[in-house]
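Single-structure report; data block below.
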Amino acid sequence: MGGNRSWITEFLLLGFQLSSETEVLLFWVLSLLYTFSLLANGMIFVLISLDQRLHTPMYFFLAHLAIIDISYASNNVPKMLANLVTQNRAISFVSCIMKTFLYLGLATTECLILMAMSYDRYVAICHPLQYTVIMSWTVCTVLATKSWLCAFVLALIHVLLLQRLPFCRSHEVNHLFCELLSVLKLACANTWLNKVAIFGASIFVLVGPLCLMLVSYIHILWAILMIHSGQGRRKAFSTCSSHLCVVGLYFGIATVVYMVPDSSQREEKEKILSLFHSFFNPMLNPLIYSLRNAQVKDALCRVLQVRSK
10 MGGNRSWITE FLLLGFQLSS ETEVLLFWVL SLLYTFSLLA NGMIFVLISL DQRLHTPMYF
70 FLAHLAIIDI SYASNNVPKM LANLVTQNRA ISFVSCIMKT FLYLGLATTE CLILMAMSYD
130 RYVAICHPLQ YTVIMSWTVC TVLATKSWLC AFVLALIHVL LLQRLPFCRS HEVNHLFCEL
190 LSVLKLACAN TWLNKVAIFG ASIFVLVGPL CLMLVSYIHI LWAILMIHSG QGRRKAFSTC
250 SSHLCVVGLY FGIATVVYMV PDSSQREEKE KILSLFHSFF NPMLNPLIYS LRNAQVKDAL
310 CRVLQVRSK
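Taking our numbering, the leading residue of the sequence shown gets 10, the next gets one more, and so forth.
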């Protein structure tokens, strides 16, 4: 098996088959989006780190989300942008495997962090008097640590199962980056074990957390309706609606990619969804969660005032 794998030492990322003028235009548009997402997430992380008022469980998880978005985009986007303006779209086998490992680990971590954030909102709204006890810093640290560890252990399992396969059919990956399912299609051996592992991980990472979040938000919605103050209802609903927007976008895309059956047009649709996930999700997260949040705006104003003195 090891000898067969050496038949291919690099892959070719096909990406979108566009005219050179369209690719250059797409390069500049995507470069601006990538730059904005890095700056926005970087700003959120710095503000949360510097401002003591933002040292709460909700912003603790939001800082993790910012780190994930920066890392996820930086893992895939630079190569995608380079492929738009260069003719050399090759990527070495080792580099491809490493990028697959990182994107799987980071994407899974984001799923689990979003679940932890929904639990935080559930406790804050449904059990406000016990909030500081239930969501202690020890609990928050354990939730975040387990999210990262579980995610990268799952990613390592997928990569180890991928490395055991021989690749001797083609070296052309019909995707924007080394996406797991697209790379698997190039293997010239039975991939049933890999697909079983992917399906099992999808149940654990997508279906399980999504069901738990839905249960949490049913309780949250009921608790919001019981709030007598109109301002209190609006504040609680605003915070939770932001989280639901991110959850809907993230889990919706992941479910379509990994749990919807194959179709003749699936590959092209996956490219578009991956493009959205790589560029727009990291950009939308700080917009939805933070830049419309009064506490973050106040923290930004305080930092700017300190800098100006």
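For every residue, glycine included, the Cβ atom is placed at its ideal position computed from N, Cα and C.
**OP:** Compare the Cα-Cα distances from Leu-284 to each of Leu-42, Glu-30 and Phe-20 and report the closest residue.
**Re:** It is Leu-42 whose Cα lies nearest to the Cα of Leu-284.
**OP:** Please report how far the alpha carbon of Thr-18 lies from the alpha carbon of Cys-105, in whole angstroms.
**Re:** In this structure, the CA atom of Thr-18 is about 10 Å from the CA atom of Cys-105.
Original post:
Does the pairing of the region 68 to 85 with the region 114 to 131 give three or more beta-carbon distances under 8 Å?
Top reply: The region 68 to 85 is in contact with the region 114 to 131.
Subject >> Nearest-angstrom Cβ-Cβ length linking Leu-111 and Asn-84, presumed shorter than 8 Å >> reply: With a Cβ gap of about 5 Å, Leu-111 and Asn-84 count as contacting.
Original post:
Should Ala-91 go down as buried or exposed, given a rule of 16 or more other Cβ atoms within 10 Å for buried?
Top reply: Ala-91 counts as exposed, since fewer than 16 other beta carbons sit within 10 angstroms of its beta carbon.
Subject >> Candidates Phe-45, Val-33 and Leu-56: closest to Ala-308 by CA position >> reply: Comparing C-alpha distances from Ala-308 to each of Phe-45, Val-33 and Leu-56 shows the shortest one belongs to Leu-56.
**OP:** Have a look at Cys-149, Val-192 and Phe-260 and flag the residue whose alpha-carbon is nearest the alpha-carbon of Leu-223.
**Re:** The shortest Cα separation from Leu-223 among Cys-149, Val-192 and Phe-260 belongs to Phe-260.
**OP:** Pair every Cβ in the region 86 to 102 with every Cβ in the region 133 to 140, then say whether three or more of these pairs are closer than 8 Å.
**Re:** The region 86 to 102 is not in contact with the region 133 to 140.
**OP:** Determine the contact status of Ala-82 and Ser-287, defining contact as a CB-CB distance below 8 Å.
**Re:** Contact flag set, yes.
Subject >> Residues near Tyr-3 by beta carbon distance below 7 Å, same chain, minus five either side >> reply: What the structure shows of the chain is the stretch from 10 to 318, and residue 3 is not part of that stretch, so it cannot be assessed.
**OP:** State the DSSP-derived secondary structure class of Ala-308, mapped to helix, strand or coil.
**Re:** In this structure, Ala-308 counts as helix in the three-state DSSP scheme.
Subject >> Sequence-distant residues of its chain with Cβ nearer than 7 Å to Met-124 (five each side left out) >> reply: Here the set comprises Pro-218, Leu-221 and Met-222.
Original post:
Enumerated in chain order, which unbroken segments of the alpha helix (DSSP H) with a length of 4 residues or greater are wholly contained in the region 170 to 202?
Top reply: Counting only runs of 4+ residues, the alpha helix (DSSP H) found wholly inside the region 170 to 202 occupies 189 to 193, in chain order.
**OP:** Measure the C-alpha to C-alpha separation of Arg-98 and Ile-207 and round it to an integer number of angstroms.
**Re:** Each residue's Cα considered, the two are about 27 Å apart.
Original post:
Would a C-beta distance cut-off of 8 Å place Thr-264 and Val-168 closer than the cut-off?
Top reply: Cβ atoms of Thr-264 and Val-168: not closer than 8 Å.
Subject >> N-terminal and C-terminal residue of the alpha helix (DSSP H) that Ser-127 is part of >> reply: Looking at the DSSP string, the run of the alpha helix (DSSP H) that includes Ser-127 is 102 to 135.
Original post:
Excluding five sequence neighbours on each side, which residues of the same chain lie with their C-beta closer than 8 Å to the C-beta of Ala-72?
Top reply: The residues are Ile-53, Phe-54, Ile-57 and Ser-58.
Original post:
So which of Val-216, Trp-146, Leu-234 and Ile-262 has the shortest CA-CA distance to Pro-66?
Top reply: Check the Cα spacing between Pro-66 and each of Val-216, Trp-146, Leu-234 and Ile-262: the tightest is with Trp-146.
Original post:
In the DSSP assignment, what are the bridge partners of Phe-69?
Top reply: Bridge pairing for Phe-69: absent [DSSP].
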